[in-house]
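At position 157 of the sequence shown the residue is numbered 163 (my numbering), and the sequence of numbers has no breaks.
A virtual CB, placed ideally from N, CA and C, is assigned to each residue, including glycine.
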Amino acid sequence: MAMAESLPESLPLQEIQIPVIGRKQCACSYLISPLANITDQMICAGQDNRRVCFGDSGGPLQCKQGSKWIQAGITSFGLGCATSGIPEVFARVSEFQNWIMDQVTGANVSFVTFSSSGSDQDDSFTCRSTSTEAPQTTTSSAVATEFAFVVITVIFMQHI
């Protein structure tokens with residue numbers, strides 16, 4: 007589908023489970039895009055054939071902690087649509103807590119501390135690729151935390 011074409015409207019809520027990718031591994035994946043600077047204000051997630059695409063920006067990345075779902079990220083960008091070996095990038099909600107609280111003054115909003123019972127494999131990740139070809143990313147089922155991506159299609163109505 008060409009970028010100029012409209013995508014079909016998706017009315018039902020769409021959900022997929024995808025792994026979160028560590029910042030070091032994600033930054034290595036984006037070496038092919040010199041304008042992409044992966045920072046601590048971002049979370050990367052995705053795997054081949056299970057990713058976000060055009061029109062998904064602004065949708066939530068949710069992580070399950072115990073019985074609670076936590077909105078951990080907001081869909082931001084990727085390279086193309088589900089490019090193999092390149093995870094998508096989400097704005098890390100916790101990094102914008104002060105700004106969010108300033109915007110919703112008086113609303114009943116709370117933040118929780120997210121903790122994982124898994125190990126952080128990104129601590130030992132080393133970027134081995136120095137070529138312009140996208141490195142292959144690996145996923146692990148060692149992390150016990152469930153991750154899900156929920157794409158919510160928001161229909162904007164223009165008021166006259």
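- Taking 8 Å as the cut-off, the beta carbon of Arg57 is found closer than this to the beta carbon of Gly84.
- Counting along the chain, Ser35 sits inside the alpha helix (DSSP H) bounded by residues 29-35.
- DSSP lists Ile80 as the bridge partner or partners of Pro66.
- Here Pro40 is exposed. Its C-beta has fewer than 16 other C-beta atoms within 10 Å.
- Contact between the region 78-97 and the region 108-119 is absent: fewer than three C-beta pairs spanning the two stretches fall below 8 Å.
- Residue environment analysis places Met48 among the buried positions, since at least 16 neighbouring C-beta atoms fall within 10 angstroms of its C-beta.
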